[in-house]
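Worksheet: one structure, shown below.
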Amino acid sequence: MISAYYFGAISLVLIGLYAVLVKKNVLKMLIGLSIMETGVNLLLVSIGYIYGRSAPILSEGIGPNQAVDPIPQALVLTAIVIGVATTAMALSVAIILYQKYGTLNVEEIRRLRG
Amino acid sequence: MVSILKRSLAVIMLLIIGYWLAQGLSGIPFGQDKMLVGKYYLDNVIRQTGAINAVTAVVVNYRGFDTLGEVTVLFIASTGVGALLWAKRRERTAKTEGSIVLKTGIRLLTPFVILFGAYIFIHGHLTPGGGFPGGATIATAFLLLYMAYTMYEIPRRAFENTEGVAGMSYVIVALIGLAIGGYFLFDWIWQTWHFGVNNVGRILSGGFIPVIYTIIGIKVGTELSGIIDNMLREEVRE
Amino acid sequence: MNCLVCIEYILIGVMILSAIFAVEWRDLLAAAVGMAAVSLFASILYLMLQAPDVAMTEAAIGAALSGAVFIFAIKRTQRFESEEEERPGWWIRW
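Protein chains in written order, with my numbering: chain A, 28 to 141; chain B, 171 to 408; chain C, 1352 to 1445.
Here's what the structure looks like:
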């Protein structure tokens, strides 16, 4: 039996993968990719959590033995910012596709290309 | 028919993948102490870096080279958006001006939103936050300005120059560390000058973490504002 | 079962529900808002997992900037996902 946080993270990854596999609209695929990214980040942070401990800010009353693991949080912190920039770049590719072909359906685009 | 077949095949495949993921994750107990490197960081963070926020210390000090790479990826992505959407003549095409409530509220709020972003990245070594959320908050202020006024545009030239200077100064701070202490991104303010050793927990401490986080905050803010600007201006043909 | 666990279960359930809506809605504008809602609930979960830095970043970027960037792209393309028509020969174009 896995924890509820693991269940939520795996569900987000699977829902995003479903959108990437089944949907034909490019923007819908990118929405699925963003949801997958959120799921992976949630999985990393929940692996670093420890019961009954506090955030890794060592102020008064919180020593090194009462803090959760700081490394997954540091990794996820930068990954989120990179994620929005790369998503914006993928969206500008989608805008160029629409200007060139007049549609966002990947099957139509594949047929028009030849 | 085809679509139902395809969907059911995809759902079966996803269930198999999900079962594998759950099997793999059931070997990792949730909420147990599994720290190896994190233990070392938490034990030594105040003595070695002077920051009390361990996440900030890991991002800027212990893994600063990684962060330099991430900032480079951010720069390349923002440049890529500008290059892909390039056109000879581009203008904003929004027609409806914001309502009077939106315009007045945003004119009053924008300086405070930018001030709050600056607060977040200056206090990165003491409180939750740092350069990345602070820069995003500053970009949100410009997003609000774009939403309220149809004719508003950011000063593009100044933003690009600021971004370049911020990226250069990150590398220069790291190179000064190389000259003084012998390796790239050596914390010369904390480990050579011992600046603020008796001041841990206040703002004038933490070595070069506030300096680098200010640089990162300015860089992230200008880059995300540039992405918003590039996405909103459309090509105009005469 | 104490009350904090109930809140966690409710938040995770609402997050998965809004992810399903974001994938299934044909109106892309509504789907972008659903994606922003997923980010918002994930940010509350980060706060409950004792990660305030990540929670602030996710609230500022995932819920505001990411949704805004999607909405700008939808403004420059089309708003509704077209109905998928069925043609023979799908096994070739799979």
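Glycine included, each C-beta is placed from N, C-alpha and C at the ideal position.
This structure is a prediction, so every number in the text was calculated from the model and none was measured.
Selected residue, minimal CA-CA separation from residue i, among the options
| i | options | result |
| --- | --- | --- |
| Y340/B | P303/B, V230/B, V370/B and S395/B | V230/B |
| L39/A | V1384/C, S1390/C and L1416/C | S1390/C |
| A36/A | I182/B, G188/B and K176/B | G188/B |
| A149/A | Y76/A, P83/A, Y128/A and S61/A | Because chain A spans 28 through 141 in this model, residue 149/A falls outside it and cannot be assessed. |
| L285/B | I324/B, I308/B and G299/B | I308/B |
| F1423/C | L48/A, T114/A and T65/A | T114/A |
| M28/A | S196/B, T392/B, V181/B and M183/B | S196/B |
| I398/B | G252/B, Q202/B and S173/B | G252/B |
| V335/B | I382/B, N214/B and I276/B | I382/B |
| I109/A | F302/B, R327/B, S395/B and L254/B | F302/B |
| R177/B | R140/A, K50/A, G43/A and S30/A | K50/A |
| Q361/B | R372/B, I379/B, I373/B and G371/B | I379/B |
| H364/B | T219/B, L206/B and L175/B | T219/B |
| S1369/C | A1393/C, A1411/C, C1357/C and I1358/C | A1393/C |
| G391/B | G352/B, I270/B and F291/B | F291/B |
| L1416/C | I1395/C, Q1429/C, R1430/C and M1386/C | M1386/C |
Test: residue i CB closer than 8 Å to a CB of chain B
| i | result |
| --- | --- |
| R1427/C | yes |
| M1386/C | no |
| V108/A | yes |
| K55/A | no |
| A1382/C | no |
| A1373/C | no |
| M63/A | no |
| M1399/C | no |
| V120/A | yes |
| Y125/A | no |
Interface flag, residue i vs chain C, CB-CB below 8 Å
| i | result |
| --- | --- |
| R140/A | no |
| V225/B | yes |
Residue i, buried or exposed, once every other Cβ within 10 Å from all chains shown has been counted against 16
| i | result |
| --- | --- |
| Y33/A | buried |
| Q193/B | exposed |
| L1379/C | buried |
Contact list for residue i against chain A, beta-carbon separation under 8 Å
| i | result |
| --- | --- |
| V1365/C | Residues of chain A passing the Cβ test: none, with the nearest at roughly 10 Å. |
Partners in chain B for residue i, counting only beta-carbon separations shorter than 8 Å
| i | result |
| --- | --- |
| D1404/C | N223, V225, T226, P298, G299, G300 and P303 |
| L44/A | L184 and I187 |
| A1424/C | M401 |
Closer than 9 Å at the beta carbon, the chain B residues around residue i
| i | result |
| --- | --- |
| L1416/C | A306, A309, T310, L313, L394, I397 and I398 |
Cβ of residue i within 8 Å of any chain A Cβ
| i | result |
| --- | --- |
| I1443/C | Residue confidence for I1443/C is low, a pLDDT of 49 falling below 50, so the modelled location carries little weight; the figure read from the coordinates is stated next. Answer no: the Cβ-Cβ gap between I1443/C and chain A never drops below 8 Å. |
| K389/B | no |
| F200/B | yes |
| F1421/C | yes |
| V341/B | no |
Within chain C, partners of residue i - CB distance below 8 Å
| i | result |
| --- | --- |
| E404/B | R1427 |
| V111/A | I1412, G1413, L1416, S1417 and V1420 |
Residues that residue i contacts on chain A, provided the C-beta gap is smaller than 7 Å
| i | result |
| --- | --- |
| K176/B | V49 |
Contact set between residue i and chain C, taken where Cβ atoms lie within less than 7 Å
| i | result |
| --- | --- |
| V72/A | Y1397, L1400, A1402 and V1405 |
Review point. Using Cβ-Cβ distances below 8 Å, what residues of the segment 351-382 of chain B are close to chain A?
Key: G371
Review point. What residues in the segment 77-93 of chain A have a beta carbon less than 9 Å from any beta carbon of chain C?
Key: I77, R80, S81, A82, P83 and I84
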